[in-house]
Each structure stands twice: as C-alpha cells, then as structure tokens.
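Each protein sequence line maps, in turn, to chains D and Z. Each residue of the first sequence is one higher than the one before, starting from 42 at the first, in the working numbering. Each residue of the second sequence is one higher than the one before, starting from -17 at the first, in the working numbering. We put the CB at the ideal spot given by N, CA and C, even for glycine. Fair warning: this is a prediction, and the values are worked out from it, not measured in the lab. Each remark here refers to the structure printed beneath this line.
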Amino acid sequence: MRLRTTVPAAVTVLALATGCGAADMTKQASPFANAHGSKTVTLSVQSWVGAQSNVAVAQYILEHKLGYRVDTVQVDEVPAWDALSQGRVDALLEDWGHPDQEKRYVTDKKTIARGGDLGVTGHIGWFVPTYLAKEHPDITDWRNLNKYASLFRTAESGGKGQLMDGSPSYVTNDKALVKNLKLDYQVVFAGSEAAQITQMKQFAKEKKPFLTYWYAPQWLFKKVPMTEVKLPPYKEGCDADPAKVACSYPHTPLQKYLNADFAKSGGKAAAFLKRFRWTTEDQNEVSLMIAEQKLDPQEAARKWVDGHPDVWKKWLS
Amino acid sequence: MATLTVPASKAGAPRVLKSRAAGKLLLLALLAAVLAPWAAGHWPGATWPHALTVHLDKPLAAASDWVMDNRDSHPLFLYFFGYVSNAVIWAVRVVYLTLLAAGWAGVTAFAALLAWRVAGVRLAAGTATAFLACGALGMWVPTMQTLALMVVAVLASVAVGALLGLGAGLSDRLDRALRPVLDTMQVLPAFAYLLPVVLVFGIGVPAAVLATVVYAAPPMARLTALGLRRADPEVLEAVESLGATRRQRLLTARIPLARKELLLGLNQTIMMALSMAVIASVIGAGGLGDRVYQALASVDVGAALAAGIPIVLLAVVLDRVTAAAGDGGTRPRTVGWPYALAVTAAVALATRLLGALDWPAGGTLDIAGPVNRAVDWMTAHLYSGVPVVGGTADWAAHFTTWVLDPVRDGLQWLPWWSVLLIVAALAWLIGTWRTALTAVLAMAAIGVLGVWEPTLDTLSQVLAAVAVTLVLGFATGIAAARSDRVDRALRPVLDVFQTMPQFVYLIPVVALFGVGRAPAVAAAVVYALPAVVRITAQGLRQVDQAALESARSLGATGRQQLWQVQLPLARRSLLLAVNQGVVLVLAVVIIGGLVGGGALGYDVAFGLAQGDLATGLVAGAAIVCLGLMLDRVTQPTGRRPGKGA
C-alpha cells in the first residue's frame, strides 16, 4: 500500500476507479476488442500465407456461422507466444515447434493451453528448382553443392553461392549448417517471405538456378516445382545446440495453442478452434486463392467453406 | 564599396578556414602517427578487435527472460508499469469507442467542422473528402484504430513536452541539461525507440503508444522553450512595470506571446506521432500501419496502397489544419464550438437511428485488384530486359554491384582505427573538438558492442543514399532557387512528400526494385529529397541581394554568380541540408531492413520477430550511436558566438 502512495496521482485515481490494488498487465485484452458489446475473438496471423489461410477460414466461420466478431493482429510466432500468454491474442493456429516457449508458458506458467494438431505436417529444407535438378541430377546431395557454388552466385552473395533465406521470423539453422558442413555459400536473407517468393518467381521465369530455404506445405510448389536437397539425416536431438547443428530439419506436426483463460471460458469459439483440423490439400487450396489469384482472404475462405461443408460441419458439432 | 567587399570576403573566408583546418589536421596526424602503429600492432586486422568487445547478449537475454517471468508477479510491474499499461489501454479504448459511437458520418462531420472552425472552408471540404476516402477504401475501422492511438499519444506527448518546455523556458539550468538530450533524440531513427518499450511492456498497444510519446514529445518541448525565451523583452518589461507577479507574467504575457511556437510544436508533434504510430505496427499497434505491414509481408502492393493512401490523407489533412491554426487569428469567426458539437451529435444520432454506424458494406472501392494488375504489368515489362535502358531490377542489381558493394567492401577493408580517424577528422573540420570527440566515442561504442561489420554495411547504404540525395537535391534546389516557375511547381509536391510517414515509401520501391539493399536506398533517397531541396533553395534565395547585385554589375554570368557568389555564401544552408539529408536517410535505411536491406535494420526486425531482444537491443544501441556519429560529423555548429566568424 505504501508503494501506491508514491505513484502519480492520476494513476491512483485510476486505481481507485478500477477498484484494485495491483495492476496485472499480463491480463489485458486489446483495447480494440469487444467493441459494440459483441463477442470478439482475436487471432494472431503469422506472415506466411499458410497461416493466413488458417486464420481466414477460422475467421469466416466464427463470423458467419457462430456470430463472433474477429480481430486479427500480425505477430510473428515467438512474440505471439508472449501475446498469447497475456491474453492480447486468443489463439495461435500454426506453430512450427518452440520447445522453450512451450516449457515456459504451457508447463510452468500454465497461461497457455494446447489446442491440438492442426492436421498439417510441416517440413523445412533446402530446395532447388526441378528444372535444375533434371539438368544436374547429382545437385540434390549436399556433398556436391560446393561443386555447383558458382551457379548460384549473385550480386548480394559476393564470390560465394547464394543460399536464399526468407523472413527473420522463421525457424532456421542455415548459417550454422553452412559453416558446419563447410559449404562455400553465403546465406542471404530476403527480409520477408513475400520478398523471397518474388525473387524465386523471377528466377523461375528465366529458368535461372537458385538454392533456397523453403518449406512444405507451400502453395508455391504448384507454380514452381522444386526438389529437396538431401542434408545429413535428422536424428532426435541433433539440433539441440544451435551452433553445432549439422543435420537436416525434422518433420513437425503443426500445433495450435490457445490462451488458457480463453480455452476454459471461450465458449463456442474456443470449442471450435480446438476442433479446427484440416489437411495439407485444404490449406493449399485456400493459400493458392489468396497468394496466386490475389483473392481477398475472406473471399477465398468463403469459396472454400462453400465447397467443403463436410469438413467444417464436423468442427461445429 | 560593394564591389570590393565581395572578393575580399571570398578570399578571406577560405584562408582563415584553411589555416584552422590545417592546424586541426596536423594535430590529428600527429596523434594518429603515435596511436595508429600502436593500435595496429596490438590488434591487427581490419575489423574491430575481438579483445575490445563486450558481449551484452547474455545479460540482456537474462534481463529479458527475467521481465517475462516476473511480469505478473514483481511489484515494479504490478504497481507501476501495470498502471501505466492499464491507463494507456483504458484511454485508447475510450477514444476508440467514442469514435465508433459517433459513426462514420459523425466523425466526418466533426472533423470537417473542426477544420472549418480553425482553418477555413476549403480545408473543411478537404478534410471531409479525406475521411470519406478512408471509408471508401474499406479502411474505416483501421483508420479509427490509428486515430484513437494517435489522439492518446498526441495528448500525452503535448502534456509531457509542454511541461519539459515550460521548465526549460523558465530555468536556464534545466535548459542547458535538456537541450543536448532533445537535440539527440531528434536525430535518432524511429526504429531504435521500439525495442526498449517492448522489453518492458511486451508487444501490443501500450508499448506502441509509449514509443510514440517518447518519439513525438521532443519537438513540443523544444518549441515551447523557444517560444517562452523569445518573448519580446519590451512587452515583458511593460508587464512587469505594471506590477504583475511572476505567475501573472507567465500566464498573461509569455505564454500568449509564444502562441505561434506552441502551435508549431503541436503540428510537429502530431506529424511525428502519425509517423511513429504507423511504424509501431511492427510491435503490435494495429490499425492502418498493421495493414501496410501485413500487405508488405505478402508483397501485395495493391493492399498496401489501400492502407497507405488513408495514412497520406490523414497526414496531409492534419498538417494543413494545424498549420493553418498556427498562423490564423485574423480570420472571421465561422462556427462556434457549441454549434459544431451539436451538429456532430445530431449527425451521429441520425446515423445511429438509421442503423448505419458502420461504413456501408457495399460502399467500398476495391483498388487492390487494379493496382496489382498494374504492378504485375510493370514487373513483367519494366522489371528486366527493357531494350537499351534495362529494367528497374537491372538498375537495382547494377547499383548493388557497382556502388553498394564497393562502398561496403571498402569500408570493411579499412582498418578500424582508420575509420575512427576519418570520423574524427570530418567532425573536427566541420564542427568543434567536442562534436569530434562525441562522434569518435559513438563509433567506438559500436565496435565495443560487437556489431562493427553490420554497422559498416548500414553506413555504406547511408553514404550511397546520401550521395544520390545530395546530387539530386542540390540540382533541384538550385533550379528552384533560380526560377520562380520551378519553385511554384515544386512546392505542393514537396509539401505532400514531406508530410508522409516513412513507412509509406517502402511500398512503391518494392514494386519497382524488388528486394535487397537497392530498394532500401531508393526509399531513403525519396524520403530525404524534399528536405534537401527545400533547404538548398531557401539558402540560395536568402543570399545577400547586395552581393549578388554587385557580382552582376561586374558582369558575372549566371553560372559565375551561382558558383562564385551564391553557393559559397549559402555554405551554412548547404551544410544544414547535408545534415538533414544524413539524418533522414539513416531513418529510412534502417526501416529498409523490412524489405531486404539487411544489416542493423534487419537485426532489429529479427530481434522483434524471434523475441530475441538481446540481438535487437544491441542493434538498436548501435543505430543510436551511428545516428549520433553521423549527426555530429555533419553538424556545422561552429564556434560560439563572440569568438569571431
């Protein structure tokens, strides 16, 4: 109580007005939530299109079938965990595996609850365009990459070959991999996934060689067929020390996470988000509409929902 | 007489300068001769020596973890930051709900009446059009979110700024203490302000509002202090002789006399708050900036533009209306406050009864589709392989290989001590030994933080962008100074460009140049150009007419007048233009990390994206140091008054 007398008067007035001694900033909703007395769900969107598809369909069903109002916020995965634990967002629909965060928030603090599988399995790897793999069949083995380094040289990579990485928010060990596998390559960060896609499309249009960090499921494979370069196989725990990683990336079943309070008292919305589960093909269908046909995400979601009542009806029952 | 003074001052100034400069350089050379071999012997290699770095990653990561673990339990958070955070959320929410309750018609009516009241009927029409355009683009709700955030941030900034300015205006000691801090804050890129608030408050609206307040308060403080100090001494004396007390003097004379500066401060604070509120979308501010950010992440230029246009409209309207309020005073009264409020309430009530509070669903204009088709056409036809001139992507690639790469490699090839030496020499030649010392210490701090290489990368982009900006800016500025027609044609363009938030410039450059360092540089050039053009043109126009006249009477040609009279006499303005150019370019080069600019800007974005605040904070500190160094190196604050010159 002594502490309270020292804080500025305005704050004290507010404290009296809200009628509580301690202000827990970890239990704050967004100021834009629940306007007009409607029930609001805040979903976090990650920057890649697959995540946009999840959110678009979830938002469409929440708004048109369940009568909620949905706010979306662009947050990357790791900050999304923090925001989720504070209740500033209610759900994270596609997580690629963050064991540290999971231990902190789910096991220790219990502010985040698991929301189950998304139904999609993710895999990260290094890819070359298939036209290049046909031309040089042995390029798909990492041991031969140094032989072809000169093919991948660009203005940004200097004298080395260019390994293109995307958004700063993605899970990546590429710098360590290049070093530990002694590859004559330079990792060049495109800065965002969109930037990376633009670049890959330009390369593909001119049938130029490129080597890129990429992941499946991804709609771009339909437009630019790509073949994975085999890295040393993944074994449990081989990526434990980030500086010493010398193996490929794992196959990750993507997970959903909900704010713990929302999971308990979120009513129909929380129940729906827990049951939300679809396949790679479904996700790609929506992603292609958003990214390639440049449909508005809500428009794309409407088309998918109209075409697949058998899938989403199960989520509501 | 006049014919004599011109050549005399022309020959005189450089000689004095030369002798001073030579002395400084000699001293530095001596110092270098002693220190450089020693430094090179101890720590060989071009890059900053490993032994002289301090790794802050571990303690910073520990601090960040501590904050996250204790945010819901430690008294500091429960009893202090928690209240700050709650107060911000509460205030933003109140404003947001009020705006929503007024509905689109109510808000538009109120804004238009407000503009009519303070700025006349033309701006009122402009304001109404701007708000309706925001709605028509389907951006009504994001616009209201940004506006709610802005209202809270601006009120807080004005309160904080006015208090500090009042203190600095009345007390000389406080003024001396505050001035260097405020000066420094004004040259720092907006991006550097984001991380410390995120560390404490986490991603979200409170962090965004507080970063905006910190960024936008300094101009208010500076201008308040300036206004109070500038008050006419004769008026003050008269008031004093009437027997007014200190407080009466302040309230009845000094503050009313400072009205112009106060309103200018308000104008600048609003513009900076808008700029920051948009950038703060990176830390979860929501609103229009978030839409731009989302669209940039998927290279959806059309959608980015749909959110960018309302930002530009808001900026132009806010700037014009507050500026008009600043120089008004003689305008005939138009509408009274009660009348304006009554009309707003009536309109809001009417729309509520009609059930049309939200923007009508069918009343939106889809510009994203057509714009994206245009961009696709551009990338297909202008991007590469255009005969003779090459495509924009080819230009970007050439600029990267022939300009950016050599400059970066050159900087990184230079031994670290020689970089410090160059910084010292430049800063000392233009400024004083104090500025030189600050610049060198700032640069050394970057090395100690262990981010020497990425900083030089950023520096190379800044140098390239500044060079391009100055060539274009001086050329345009000279043209504008010499021809009234060019000046008139340029003025509205410059006005619009100068009010746009930095974030908006990223959209077109991605469409034109793809990603990488070249588009970051291009955005920086476009952002800094208006200020450089304006300062150059003003400086040249203000050159003493007598000197110009005498040169003309001696039969100097137009070119001779320019090179031998106008440019040398406008030296101070030109240096100021360089300084402004450098500061503005740095701000945008840093944001360029979002479009592939790499280096320090990328590190900050990476730190935010991965929750790796240690990396982000170190990069942020390096940005601060780099900004300080660049400002000091180009700062023509000469000797103190009274010491000649």
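Under the 7 Å criterion on CB atoms, Z/A259 is classed as non-interfacial with respect to chain D. By the criterion of at least three beta-carbon pairs nearer than 8 Å, the segment 110 to 119 of chain Z is not in contact with the segment 64 to 75 of chain Z. Not a single CB atom of chain D sits nearer than 7 Å to the CB of Z/V325. Annotated as distal: D/P273 and D/A97, with beta-carbon spacing of 7 Å or more. For D/M267, the enclosing beta strand (DSSP E) begins and ends at 267 to 270. With respect to Z/T374, Z/F495 sits close: the two C-beta atoms are nearer than 7 Å. For the options Z/A528, Z/Q546, Z/V567, the alpha carbon positioned closest to that of Z/Y487 is the one of Z/V567. When the alpha-carbon of D/K220 is set against those of D/T181, D/P283, D/A132, the nearest one is in D/P283. Z/A463 is positioned such that its CB atom lies no closer than 7 Å to that of Z/R541. Of all alpha-carbon atoms in D/V270, D/Q227, D/A245, the one lying nearest the alpha-carbon of D/W183 is that of D/V270.
Contact with chain D is found for Z/T383, since one of that chain's Cβ atoms lies less than 7 Å from the residue's Cβ. Below the 8 Å Cβ cutoff, chain D contributes V114, Q115 as neighbours of Z/D272, in chain order. Taking 7 Å as the cut-off, the Cβ atoms of Z/A150 and Z/A207 count as close. Taking 7 Å as the cut-off, the Cβ atoms of Z/I252 and Z/I185 do not count as close. With contact defined as three or more Cβ pairs closer than 8 Å, the segment 152 to 172 of chain Z and the segment 102 to 115 of chain Z are not in contact. Within the segment 274 to 338 of chain D, the runs of beta strand (DSSP E) at least 3 residues long that lie entirely inside it are, in chain order, 292 to 300.
The continuous alpha helix (DSSP H) containing D/F244 extends over residues 234 to 246.
Within the segment 549 to 604 of chain Z, the runs of alpha helix (DSSP H) at least 4 residues long that lie entirely inside it are, in chain order, 553 to 573, 581 to 592. With respect to chain Z, the C-beta atom of D/G108 has no partner C-beta closer than 7 Å. For the options Z/N561, Z/A73, Z/L79, the alpha carbon positioned closest to that of Z/D340 is the one of Z/L79.
Taking C-beta separations shorter than 7 Å and ignoring five residues to either side along the sequence, the partners of Z/Q520 in its chain run S555, following chain order. Within the DSSP bridge table, the entry for D/R110 names D/T81 as partners. A contact is defined here as three or more CB-CB pairs under 8 Å, and the segment 387 to 398 of chain Z fails this definition with respect to the segment 318 to 334 of chain Z. Counting only the Cα atoms, D/D149 lies some 11 Å from D/D141. Buried is the label assigned to D/D123, since at least 16 other Cβ atoms lie within 10 Å of its Cβ. Boundaries for D/F251: no alpha helix (DSSP H) harbours it, and the DSSP string shows neither H nor E there. Nearest to Z/W98 by alpha-carbon distance, out of Z/A500, Z/I349, Z/A306, is Z/A306. With a cutoff of 7 Å on beta-carbon distance, Z/V577 and D/G232 are scored as near each other. Note that the segment 78 to 95 of chain D does not touch the segment 14 to 32 of chain Z; fewer than 3 beta-carbon pairs, one per stretch, sit closer than 8 Å.
For Z/F381, the closest alpha carbon among the candidates Z/A449, Z/G609, Z/P490, Z/E243 is that of Z/A449. In the structure shown, Z/A33 adopts helical secondary structure according to DSSP, grouped into three states. According to the DSSP secondary-structure assignment, D/I165 is paired through a beta bridge with D/Y256. For the segment 468 to 502 of chain Z, the set of residues with a beta-carbon nearer than 8 Å to any beta-carbon of chain D comprises V492, G496, V497, G498, R499, in chain order. With contacts defined as CB atoms closer than 7 Å, D/L159 and D/S85 fail to qualify as a contacting pair.
Contact annotation for Z/M50 against chain D: D123, R145 [CB-CB distance below 8 Å, chain order].
Taken in chain order, the complete alpha helix (DSSP H) segments of 4 residues or longer contained in the segment 401 to 459 of chain Z are 415 to 431.
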